[in-house]
Amino acid sequence: MLHKFKTSDSFPPPPASLPLSKTLLFNPSSSPPFPILQITMHRSSPPSDSDQHADRRRPPTPPPSRPDQAQTLLHPGNLPPHSSKSLATQHDLINNYSRDRPRLKPPPLKRTSPLAWFAAICCALLWTMIILGGLAVLIIYLLFRPRNPHLDIPQATLNAAYLDIDIDSNTTLLNADLTLLANFSNPNHKVDVVFTLLDLDLYFGATLVAAAALNPFAERRGESALRSVHMVASQVALPEKEAEEWRRQEEEGAAGSGGGGNGLMMEVRGTMRTRSELGGLLRFSYWLHCRCGLVMGAPPGGALKNVSCRTKR
Numbered sequence: 001m002l003h004k005f006k007t008s009d010s011f012p013p014p015p016a017s018l019p020l021s022k023t024l025l026f027n028p029s030s031s032p033p034f035p036i037l038q039i040t041m042h043r044s045s046p047p048s049d050s051d052q053h054a055d056r057r058r059p060p061t062p063p064p065s066r067p068d069q070a071q072t073l074l075h076p077g078n079l080p081p082h083s084s085k086s087l088a089t090q091h092d093l094i095n096n097y098s099r100d101r102p103r104l105k106p107p108p109l110k111r112t113s114p115l116a117w118f119a120a121i122c123c124a125l126l127w128t129m130i131i132l133g134g135l136a137v138l139i140i141y142l143l144f145r146p147r148n149p150h151l152d153i154p155q156a157t158l159n160a161a162y163l164d165i166d167i168d169s170n171t172t173l174l175n176a177d178l179t180l181l182a183n184f185s186n187p188n189h190k191v192d193v194v195f196t197l198l199d200l201d202l203y204f205g206a207t208l209v210a211a212a213a214l215n216p217f218a219e220r221r222g223e224s225a226l227r228s229v230h231m232v233a234s235q236v237a238l239p240e241k242e243a244e245e246w247r248r249q250e251e252e253g254a255a256g257s258g259g260g261g262n263g264l265m266m267e268v269r270g271t272m273r274t275r276s277e278l279g280g281l282l283r284f285s286y287w288l289h290c291r292c293g294l295v296m297g298a299p300p301g302g303a304l305k306n307v308s309c310r311t312k313r
């Protein structure tokens with residue numbers, strides 16, 4: 001037995017030249033029920049004799065049902081029982097799959113070992129101390145503005161100097177007597193300075209010719225101290241090249257050819273161990289290295305012609 005109903009929007013409209021009516025049939029005996037579409041087309045032109053003869057043999061088509069009747073037939077409650085069972089089976093399968101499907105679980109959390117906690121705490125404390133120490137140094141520097149003491153030589157005299165030749169070794173020997181006045185200055189306005197170690201060396205070229213040491217002393221902020229230093233070179237061997245350079249510079253200085261650069265060029269190198277006292281509470285020690293280039297006139301009584309000093313840590 002076939003159930004039929006008329007559909008109004010299941011298919012696109014036909015061309016104007018071929019008007020048609022659509023009838024959707026259901027066969028309840030099939031499982032599941034498959035719809036059967038019956039389409040009747042009406043020609044706009046008059047039918048031929050053969051078409052009229054075929055229409056006489058065809059049984060009359062019943063009138064289409066009303067729209068409300070078609071909607072009633074399509075309601076899920078009016079479907080055959082086996083169709084409802086198939087829908088229920090599909091619903092059960094969907095519910096069982098959503099209930100029985102495997103679910104991903106997050107990985108278990110691992111406890112941090114005590115050694116890792118100890119290392120993290122030590123690193124945090126170390127970085128905290130470094131940061132606090134840096135801030136303290138910055139605050140102290142901005143508060144006191146510490147500066148390095150420096151050495152200057154305002155006066156020097158070459159009392160005597162001559163070259164001697166050792167007959168046995170054919171070596172040139174230097175004998176010299178130099179007196180200089182060293183000025184140690186503390187340029188700080190809030191920091192006191194203590195010189196705990198002072199060593200001065202006299203060089204000609206690359207050869208050390210004399211050395212002297214000074215006693216420790218202290219300077220208040222903004223003070224300067226003068227120290228007289230006596231340096232003597234006795235039988236110091238000079239390389240041949242430096243011996244020739246000494247003779248040439250001595251002749252130029254004796255000739256008095258003018259200019260502060262003509263004369264015996266010597267260098268004083270100083271090493272000082274210094275301690276700075278900030279407000280009587282903070283103290284820190286450091287090394288200072290100074291170099292002073294001297295240009296001396298020809299002996300005896302050679303005066304200081306030119307000097308340049310620099311001091312650095």
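In this text, residue positions in the sequence shown follow UniProt numbering: the first is 1, and each later residue adds one. Glycine is no exception: its CB is placed at the ideal position from the N, C-alpha and C atoms.
If you run the structure through DSSP and keep just helix, strand and coil, what is residue i?
i: G133; result: helix
i: R111; result: coil
i: K312; result: strand
i: A120; result: helix
i: R147; result: coil
i: E223; result: coil
i: I139; result: helix
i: A211; result: strand
i: residue 355; result: In the structure displayed, the chain extends from 1 to 313; residue 355 sits before or after that span and is not available.
i: A206; result: coil
i: V307; result: strand
Taking residue i and residue j to be in contact with their CB atoms under 8 Å, please state how far apart those CB atoms are, rounded to whole angstroms.
i: P149; j: S185; result: 6 Å
i: Q235; j: L158; result: Not really, about 17 Å apart at Cβ, beyond 8 Å.
i: Y286; j: R313; result: 6 Å
i: R227; j: A176; result: In fact, because the Cβ distance is near 20 Å, the residues do not count as touching under 8 Å.
i: G263; j: G297; result: 5 Å
So does residue i have its beta carbon nearer than 7 Å to some heavy atom of the ligand ADP?
i: R227; result: With respect to the ligand ADP, the structure shown offers nothing to examine, as it has no ligands at all.
Starting from residue i, trace the beta strand (DSSP E) in both directions and tell me its first and last residue.
i: N175; result: 171 to 185
i: D168; result: Run containing D168: none; DSSP gives neither H nor E here.
Please decide whether residue i counts as near chain B, where near means a Cβ-Cβ distance under 8 Å.
i: P114; result: Of the protein chains in the structure, only one exists, and it is not chain B.
Every unbroken beta strand (DSSP E) inside the segment 249 to 305 [3 residues or more]: 264 to 278, 282 to 296
query: Taking contact to mean at least 3 C-beta pairs separated by less than 8 Å, is the segment 219 to 237 in contact with the segment 285 to 300?
result: With the rule of 3 Cβ pairs closer than 8 Å, the segment 219 to 237 does not count as touching the segment 285 to 300.
message: Taking 8 Å as the cut-off, does the segment 208 to 226 touch the segment 187 to 197 (at least 3 CB pairs, one atom from each stretch)?
response: Cβ pair count under 8 Å is three or more, so yes.
task: Pair every Cβ in the segment 190 to 204 with every Cβ in the segment 140 to 147, then say whether three or more of these pairs are closer than 8 Å.
output: yes
task: Report yes or no: do the segment 157 to 171 and the segment 118 to 125 share at least 3 C-beta pairs separated by less than 8 Å?
output: no
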